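Throughout, the numbering used here is defined as the position within the sequence shown, counted from one, plus 45. See below for the structure under consideration.
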Amino acid sequence: MADNFSTDEDRMIYRLHVHRNLITWVIKRLADEGILAKRTTGNDPYGDIVLLDPADIPRVQQIIRAIQEENR
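Right under this line is the structure:
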């Protein structure tokens, strides 16, 4: 992360852009695996992504673990 922010707001905006792009990437990755998901709204306390079929939870957990392993 860059440390050359002029203001606290610039830092927050940067972090929000990174977060937005990550959520978009994860939803696309899930779609590539045939898993339907969408973004939540309203600062949902349960998270940023909702799975449209709860039966997909185990597959999503495997995908997330695989992503984490790729980045170690």
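By construction, the Cβ of each residue, glycine as well, lies at the ideal position given by its N, Cα and C atoms. On a predicted model such as this, the values are computed, not experimentally measured, just so you know.
### Task
Would you check if there are 3 or more beta carbon pairs closer than 8 Å linking the segment 72 to 84 to the segment 97 to 104?
Three or more Cβ pairs closer than 8 Å define a contact, and the segment 72 to 84 meets that threshold against the segment 97 to 104.
### Task
Please name the residue or residues paired with Leu-96 in a DSSP beta bridge.
Beta-bridge pairing links Leu-96 to Ala-82.
### Query
Quick one: what does DSSP say Arg-117 is sitting in, helix, strand or coil?
The answer is coil: DSSP assigns Arg-117 none of H, G, I, E or B.
### Query
When the Cα atoms are used, what is the spatial distance from Ile-58 to Asn-49?
Answer to the nearest angstrom: the Cα atoms are 13 Å apart.
### Task
Using three-state DSSP, classify Asp-77 as helix, strand or coil.
Asp-77 sits in a helix when the DSSP states are folded into three classes.
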